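Right, one structure below, let's go through it.
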Amino acid sequence: MSCVRWLQVVAVIFTGMLLGACAEKAAETYQGYAEGEYIYVASPLGGRLDVLAVRRGAIVEDGAPLFALESEKENAALQQAQAQLATAKAQLSDIQTGRRLPEVQVIEAQLAQAQAQAKQAAIQAERDEKQFAIGGIAEAQRDDSRSRAETAAARVRELNHQIEVARLPNRAQQIKAQEAQVTAMQAALEQADWALRQKTVTALKSGEVVDTLYREGEWVAAGAPVVKLLPPQNVKVRFFVPEAHVGALKRGQAVRLVCDGCAAPVDATITYISDRVEYTPPVIFSNESRAKLVFMVEAHPQADGARSLHPGQPVSVRLL
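Here's what the structure looks like:
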């Protein structure tokens with residue numbers, strides 16, 4: 029073999045090796061697109077939209093106010109529940125301590141008066157007994173004096189019992205029933221407070237305000253979304269891998285994303301590999317890949333890099 033011929037063979041082999049390496053390299057890069065899992069923020073209660081605190085395109089932080097609905101009814105219900113709870117607690121305290129001191133003092137004054145009358149009646153009854161014994165008075169007068177003394181003594185015993193009862197708390201059943209009433213009023217207050225808090229809605233996660241669906245002054249039905257949010261962690265990339273290569277992929281595997289307009293490549297992690305085979309989606313087919321069977325794979329980028337991706341944006345995915 030001549031030297032020229034030998035050089036030509038070497039050149040063909042080297043060219044084939046380069047083409048094979050390029051093909052292998054190209055096989056490690058797949059086409060896909062960015063996608064967003066949106067959060068539709070709503071209130072479980074309806075009402076007029078009084079305040080819309082954000083605008084489309086704004087970046088909000090966790091806990092930032094988003095919107096507020098009119099809340100006159102909920103404010104009134106909260107005040108009513110607070111008053112009812114205070115009343116129930118006061119009633120419980122009252123029946124636990126018995127009657128008030130002035131009421132007990134009134135009964136004590138009546139007792140002192142009854143004791144004086146009983147003493148006087150007893151003296152008169154004793155005097156009449158002596159007079160009857162010597163024939164100084166009639167039997168009827170003696171019996172009348174004895175009856176008045178017994179009545180006065182009975183009145184003293186009655187007032188003593190009243191004082192004892194007045195100083196005791198109410199019966200255990202009444203106290204238990206009032207305690208249940210306090211518990212019910214506490215639950216009603218918590219419910220009213222919850223309803224009021226639902227009228228002012230804040231962001232549960234930081235992210236971009238993709239859209240606002242109502243304007244101030246419009247009526248918002250219960251459960252109707254008012255703000256559409258996209259947190260960075262809800263941005264993902266979908267790409268498609270030929271069935272011949274999907275077996276080499278696994279969850280948690282690192283990939284690198286490249287897109288037009290991105291300042292730098294974005295690192296991501298494979299989080300999902302479909303178990304169903306499908307044809308190449310028309311949106312990304314080419315003459316070389318058309319009608320090939322592929323598996324859909326999802327990867328979530330890191331939070332910092334996710335902000336540079338936009339739903340629907342084409343991306344190239346390279347395995348690391």
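Here the sequence shown is numbered in the working numbering, starting from 29 and rising by one per residue.
Here a beta-carbon is modelled for each residue, glycine too, at the ideal position from N, C-alpha and C.
Note that the structure is a prediction, hence the values are computed from the model and not measured.
Asked	Found
Contact the region 105-120 vs the region 151-162: 3+ CB pairs below 8 Å	no
Nearest candidate by alpha-carbon position, reference Ser71, set Ala231, Phe268, Gln202 and Val265	Ala231
Reference Asn346, options Ala282, Phe160, Arg335 and Lys101, closest by Cα	According to the sequence shown, residue 346 is Arg rather than Asn. When each option's Cα is compared against that of Arg346, the closest is Ala282.
Other residues of its chain near Glu56: CB distance less than 7 Å, five sequence neighbours each side excluded	Arg346 and Leu347
Buried versus exposed call for Ser173 [16 or more other C-beta atoms within 10 Å across all chains shown]	buried
Cβ-Cβ distance between Lys227 and Leu241 below 9 Å	no
Buried/exposed call for Glu102, threshold 16 Cβ in 10 Å	buried
Limits of the unbroken alpha helix (DSSP H) element including Val274	Glu271 to Val274
Nearest-angstrom Cα separation, counted from Gln169 out to Asn188	29 Å
Closest by C-alpha distance to Glu246, when choosing among Gln202, Gly75, Tyr58 and Glu236	Gly75
Cβ contact check for the region 257-275 and the region 326-334: 3 or more pairs under 8 Å	yes
For Val325, three-class secondary structure by DSSP	strand
Helix, strand or coil at Ala231 [DSSP, three-state]	coil
Closest Cα partner of Ile353 within the set Glu186, Leu80, Gln201 and Arg304	A query on residue 353 cannot be resolved here, the shown segment of the chain reaching from 29 to 348 and no further.
Inter-residue Cα distance where the pair is Arg183 and Phe160	26 Å
Contact under 9 Å by Cβ, Val343 with Val265	yes
Extent of the continuous beta strand (DSSP E) run through Asp221	Here Asp221 belongs to no beta strand (DSSP E); instead the alpha helix (DSSP H) covers Ala200 to Arg225.
Backbone CA spacing between His338 and Tyr66 [nearest angstrom]	12 Å
Euclidean distance between Cα positions of Phe95 and Ala216	25 Å
CA-to-CA distance, Val82 to Ala212, given in whole angstroms	39 Å
Cross-strand partners of Arg346 (DSSP beta bridge)	Thr57 and Arg284
Straight-line Cα distance separating Ile87 from Asp221	29 Å
Contiguous alpha helix (DSSP H) assignments of at least 4 residues, all confined to the region 79-129	100-125
According to DSSP, residues forming a beta bridge with Asp239	Lys256
Three-state class that DSSP yields for Leu77 in the structure shown	strand
Option nearest Glu306 by Cα separation, candidates Ala205, Val325, Glu100 and Lys204	Val325
Buried versus exposed, by CB contacts within 10 Å (16 or more), Gln219	exposed
Close beta carbons around Ala181, own chain, < 7 Å, minus the five adjacent residues each side	Ala146
Cβ-Cβ separation, Asp78 to Glu100 (assumed contact under 8 Å), whole Å	Not a contact, Cβ separation roughly 10 Å.
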